[in-house]
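Colleague:
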Amino acid sequence: MSTNTLTKETELRLADFLNESIDPISMAKSIRRINHILALTVIRNDDNRNPINKYWLENDFYWLNELAEILNPHLEVE
Numbered sequence: 150m151s152t153n154t155l156t157k158e159t160e161l162r163l164a165d166f167l168n169e170s171i172d173p174i175s176m177a178k179s180i181r182r183i184n185h186i187l188a189l190t191v192i193r194n195d196d197n198r199n200p201i202n203k204y205w206l207e208n209d210f211y212w213l214n215e216l217a218e219i220l221n222p223h224l225e226v227e
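Residues in the sequence shown are numbered consecutively from 150, following my numbering.
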């Protein structure tokens, strides 16, 4: 895992976006929904007509899910 650091401007813009644009639960639901739709689309269209880089797909799917879990843990311990 890389440890890239964000610029101060990027940190501020990201904080503003996360704090003002949308609530975390709604954003997490949206990320999960689009991740599901993208995965289904790739599965349905993967008849060697549209070769995809499976590593990229798995990696991107993983990181989108991680972001959704950070915003709103789906399996919270009560």
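We put the beta carbon where it would ideally sit given N, CA and C, even for glycine.
Values in this document were obtained by computation on a predicted structure and should not be read as measured data.
For the alpha helix (DSSP H) that Ser179 lies in, which residues bound it at each end?
Modeller: Within the sequence shown, numbered from 1, the residue matching residue 179 stands at position 30. Looking at the DSSP string, the run of the alpha helix (DSSP H) that includes Ser179 is Pro173 to Asn194.
Colleague: Is it the case that the stretch 163-171 contacts the stretch 210-218, given that we only count it when at least three CB pairs across the two stretches are under 8 Å?
Modeller: No, because fewer than three Cβ pairs between the stretch 210-218 and the stretch 163-171 fall closer than 8 Å, the two stretches do not touch.
Colleague: Please classify Leu167 as buried or exposed, where buried requires at least 16 other C-beta atoms within 10 Å of its C-beta.
Modeller: Along the sequence shown, one-based indexing puts residue 167 at 18. So Leu167 ends up on the exposed side.
Colleague: Which residue comes first and which comes last in the alpha helix (DSSP H) that contains Phe210?
Modeller: Against the sequence shown, residue 210 aligns to sequence position 61. Lys203 to Leu220 is the extent of the alpha helix (DSSP H) around Phe210.
Colleague: Could you pull out every residue in the same chain whose Cβ sits closer than 7 Å to the Cβ of Lys178, ignoring the five residues on either side in sequence?
Modeller: The residue given as residue 178 occupies position 29 in the sequence shown. Excluding residues within five positions, none has a Cβ falling inside 7 Å.
Colleague: I need the straight-line Cα distance from Trp205 to Thr190, nearest angstrom please.
Modeller: Position 56 of the sequence shown holds residue 205. Position 41 of the sequence shown holds residue 190. Spanning the two alpha carbons is a distance of roughly 15 Å.
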